[in-house]
Structures are given as structure tokens and as C-alpha cells.
DNA sequence: TGAAACAAACCGACTGGTTGGTATGTTGTG
DNA sequence: CACAACATACCAACCAGTCGGTTTGTTTCA
């Protein structure tokens with residue numbers, strides 16, 4: 001009656017709409033805003049329709065998280081490609097990702113809503129797997145203890161921004177970023 | 188009938204029990220385990236009794252968080268008292284707190300459940316206020332950019348442990364800790 | 001070709017369960 | 001007695017998930 005019932009069937013589009021809508025809700029409204037009803041509404045579909053595409057709410061969220069991880073992985077690769085120096089190249093890409101204004105980066109106005117990510121078990125698991133895999137993969141260039149500290153500092157800066165959600169928690173974010181990158185410049 | 192109704196009235200004790208029980212539930216079961224019913228049950232009181240002490244669930248949680256912050260603040264002071272050197276003394280105390288096996292420290296078996304903290308708005312606010320206050324207070328000894336990076340790295344290590352919840356995410360936690368402390372040793 | 005037969009996409013109403021919160025009664029205590 | 005400290009019984013809201021049915025798309029076969 002409303003829309004999707006007598007419009008042309010386009011399952012792939014609807015699935016994409018559901019994923020994007022769920023991500024948008026999480027980004028703009030945080031963890032509690034992602035209800036099955038809200039996602040369905042936002043995608044112009046009913047709850048029944050949503051459950052036709054995803055067997056459970058968690059399955060939907062998992063798919064969203066998977067999407068995000070693929071993007072992150074690609075951006076890391078891209079950043080590393082543009083890096084001339086070998087030593088610490090993954091760490092520098094990691095810093096860039098952390099401080100970006102896209103996705104959930106420190107520069108994004110939606111960092112604060114990244115709490116939704118940290119709460120999700122599937123994200124935790126995927127992040128853990130992804131990180132350990134990357135660290136093993138770049139062991140030759142990024143295993144130095146100092147580089148680990150730099151990456152952890154980037155994580156810490158990110159978390160601080162997420163928790164405090166205050167632009168002025170750091171006096172100078174850009175200076176901090178440059179300082180971290182600077183610490184990756186010597187073998 | 189059960190217990191509290193015909194036992195001696197002791198409001199302060201009950202209030203304490205409610206706070207401790209809420210904290211215990213959060214630590215052992217995470218965010219979603221803290222329901223009003225569960226807290227009341229754990230304290231041997233009914234839901235009505237709980238709402239006699241706290242006007243809302245959030246008020247209860249706020250009180251728990253306040254408790255935790257007071258403890259943290261005290262432990263920081265205590266650690267700083269035992270520090271002979273001026274330069275970086277707050278940062279070292281901060282590291283010690285982060286890596287402790289008490290509360291939600293990295294060494295605690297319940298770190299993973301600290302997600303409950305990061306989700307709570309009141310904790311975020313209090314943490315933000317507390318941290319900025321401390322940083323201003325120890326500006327003379329701990330304002331160095333390198334010390335900031337060290338503190339952020341401690342934060343990052345903590346977050347990594349919370350998210351990954353895997354004992355072996357770091358090869359050697361103690362070595363990392365010593366390395367961080369080492370970076371606080373020069374003016 | 002065309003229509004019957006089947007499958008996929010989607011609707012909309014409903015359910016069982018849980019939650020925070022309230023209204024009102026009962027007991028202990030100063 | 002009066003009031004604080006509880007218990008009991010309830011409510012309204014919300015939420016994930018189900019189910020029977022309807023619409024659209026595709027395949028089969030005469």
C-alpha cells in the first residue's frame with residue numbers, strides 16, 4: 001500500500017538501503033537508535049521485509065560492521081601505497097585512518113557515536129582479528145616497540161575524543177598528529 | 188515477606204548494597220546486565236525499595252559512577268604521593284591506574300565489561316571534567332607533549348584490551364608498561 | 001506465444017517478553 | 001502518631017521476532 005509493496009521489486013537495492021540506513025542511524029543516533037523498526041522505516045520497508053533480508057537484527061548489524069571493515073581495510077592499503085618509506089608505513093596509515101574526518105575518525109563530527117561500535121561484539125571480534133592479522137603481515141616494518149606505542153597513542157586519542165566528545169579536549173589535534181607521525185621516522 | 192520487609196531498617200546499608208550490586212553486575216555482566224530488577228534482587232530488596240533510594244535508574248548509575256571516580260581520584264593521589272620525582276608524576280600514576288588489576292584496569296579479568304562505562308553519558312561527562320581538571324592541575328609537571336602521548340598510549344592499551352578482550356593481544360604487557368614509564372623519565 | 005505454476009519479495013498485524021517506572025499498602029522506628 | 005523504609009501489584013512502552021497472506025517476478029510447458 002505505502003510504497004514497497006506495489007513498486008518494482010529490487011532486493012539488492014533494498015538490502016543496500018537497509019545497511020546504509022542502519023549505519024546512518026548508528027552514526028547519528030548512537031547505539032540505542034538502531035532498532036529494527038527504525039531501520040525498516042528509514043529504508044521504506046516494513047519490519048517483515050527487513051527480516052526477509054536478514055534473519056536477525058544481529059545479522060544486519062554484522063553486515064554493517066563487515067561493510068565498515070572492508071572500507072577501513074581498503075583505506076589502509078591506499079594510504080600505504082602512497083607512502084615511500086618502508087619503516088613504519090602501516091603505523092602511519094593507521095594514524096591517518098584514526099585522525100581522518102571520514103567514518104568514525106577523530107575529525108568526524110560523529111565520532112561520539114562510535115560507542116555503538118565498541119559495544120558490538122561482532123565488531124570487537126572482527127577488529128581483533130583484523131588488527132592481529134595486519135600486525136603479523138607488517139611485522140618487518142612495524143614491529144618496533146616505539147611504533148606500537150605510537151599506534152596505541154592514536155587509539156587513545158581516538159577513544160578520548162569518543163568518550164569526551166569535546167572538540168577542545170586536545171589543544172591542537174593537528175600538532176599531535178604530526179608529532180605521532182614524526183615518531184615513526186627512524187629505524 | 189522475603190527479608191527486607193521484616194528485618195531491621197538500615198537505609199544506609201541498603202543504599203550501599205544497591206550501589207555495590209549495580210557495580211558488580213556491570214563488571215561481571217556488562218552494560219545489559221544492569222537492570223533495575225537485577226540490582227534490586229541482588230541487594231535483597233524489591234524494585235519499589237530501590238526507587239525509594241534512587242529516583243531513577245540513571246540516578247543510581249550516576250551514583251555508581253561517582254563512587255568509581257572518587258576511588259580513581261584517590262588512587263591517583265596515593266600513587267603520586269609515593270613518587271619521588273616531580274616531572275611526569277601524574278602521568279606515571281595514570282599509567283599505574285590504567286595497568287592495575289583492580290577495578291577496570293588492564294590486569295583485571297573484567298576489563299572487557301568496561302564497555303558499560305564508555306556507553307554511559309554521565310561517566311563520559313565526569314571523566315572529561317576529571318581529566319581536564321587534573322591536566323590543568325599538573326600542568327607544570329605533566330604538560331610535555333611526550334607525556335601526553337604516553338598517557339594516550341596507556342589509554343589506547345586499555346581500550347585495546349577492552350575491545351579485544353584477549354589476554355594475548357599484547358605479547359608482553361609488563362614490558363609495555365615499563366617502556367611507557369621509561370618515557371616519563373626526562374625533563 | 002502465453003498462461004499456469006512456482007518462487008521470491010514484501011506487507012501488516014500480532015505476540016511474548018522485558019523494561020523502567022508508579023500507586024498504594026504495610027511495617028518498623030524515633 | 002508521623003514519617004521513613006520498605007513490599008506488592010500493577011502499567012505503559014518498547015522491542016525483536018513470527019506468521020499468514022498479498023504482490024511481483026521467473027520458469028515451465030503446452
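Protein chains in written order, with our numbering: chain A, 1 to 187; chain B, 188 to 374.
The beta carbon of each residue, even a glycine, is placed where N, CA and C say it ideally should be.
Closest to residue i by C-alpha separation, out of the options, would be which residue?
i                      : options                    : result
residue 178 of chain A : A/154, A/162, A/14, A/169  : A/154
residue 147 of chain A : A/16, A/135, A/108         : A/135
residue 269 of chain B : B/260, B/316, B/280        : B/280
residue 266 of chain B : B/313, B/209, B/286, B/251 : B/286
residue 373 of chain B : B/345, B/338, B/346, B/328 : B/328
residue 369 of chain B : B/301, B/283, B/204, B/312 : B/283
residue 203 of chain B : B/350, B/271, B/218, B/250 : B/250
residue 351 of chain B : A/33, A/119, A/88          : A/119
residue 275 of chain B : B/248, B/331, B/220        : B/331
residue 67 of chain A  : A/52, A/110, A/21          : A/21
residue 252 of chain B : B/225, B/264, B/359, B/211 : B/211
residue 201 of chain B : B/361, B/358, B/213, B/228 : B/228
residue 61 of chain A  : A/184, A/84, A/30          : A/30
residue 184 of chain A : A/138, A/48, A/151         : A/151
residue 320 of chain B : B/206, B/309, B/277        : B/277
residue 113 of chain A : B/293, B/301, B/308        : B/308
residue 74 of chain A  : A/139, A/46, A/103         : A/103
residue 347 of chain B : B/325, B/294, B/315        : B/294
residue 69 of chain A  : A/52, A/176, A/109, A/129  : A/129
residue 297 of chain B : B/224, B/241, B/354        : B/354
residue 139 of chain A : A/54, A/76, A/86           : A/86
residue 206 of chain B : B/345, B/235, B/244        : B/244
residue 198 of chain B : B/303, B/343, B/240        : B/240
residue 127 of chain A : A/84, A/47, A/71           : A/71
residue 310 of chain B : B/362, B/246, B/224        : B/246
residue 117 of chain A : B/361, B/349, B/231, B/264 : B/349
residue 137 of chain A : A/26, A/76, A/169          : A/76
residue 36 of chain A  : A/149, A/49, A/28          : A/49
Can you pull the chain B neighbours of residue i, defined as C-beta to C-beta under 9 angstroms?
i                      : result
residue 68 of chain A  : Under the 9 angstroms cutoff, chain B gives no residues; its nearest Cβ is about 14 angstroms from residue 68 of chain A.
residue 166 of chain A : 315, 319
residue 169 of chain A : 315, 318, 319
residue 145 of chain A : 362, 363, 366
List the endpoints of the continuous alpha helix (DSSP H) containing residue i.
i                      : result
residue 143 of chain A : Per DSSP, residue 143 of chain A belongs to no alpha helix (DSSP H) and is neither H nor E.
residue 174 of chain A : 173-182
So which residues of chain B does residue i contact, with C-beta pairs closer than 7 angstroms?
i                      : result
residue 157 of chain A : 339
residue 61 of chain A  : The contacting residues do not exist; residue 61 of chain A stays about 15 angstroms from chain B at best.
Can you pull the chain A residues whose beta carbon is under 9 angstroms from the beta carbon of residue i, in chain order?
i                      : result
residue 305 of chain B : 115, 118, 119, 159, 162, 163
residue 148 of chain B : With chain B represented from 188 up to 374, any question about residue 148 of chain B goes unanswered, as that position is not in the structure.
residue 293 of chain B : The contacting residues do not exist; residue 293 of chain B stays about 11 angstroms from chain A at best.
Taking Cβ-Cβ distances shorter than 8 angstroms, what residues in chain A pair up with residue i?
i                      : result
residue 218 of chain B : 119
What in chain B is Cβ-close to residue i, meaning under 8 angstroms?
i                     : result
residue 76 of chain A : Here the premise fails: no neighbours, minimum Cβ distance about 17 angstroms.
residue 72 of chain A : Those do not exist, as residue 72 of chain A stays about 14 angstroms from chain B at its closest Cβ, beyond 8 angstroms.
residue 95 of chain A : Under the 8 angstroms cutoff, chain B gives no residues; its nearest Cβ is about 12 angstroms from residue 95 of chain A.
Practice task
Note down, one range per segment and in chain order, each alpha helix (DSSP H) of at least 4 residues found wholly within the stretch 23-86 of chain A.
Solution key: 36-42, 47-53, 57-81
Problem - Sequence ranges, beta strand (DSSP E) only - wholly within the stretch 278-312 of chain B, length at least 3 - result: none
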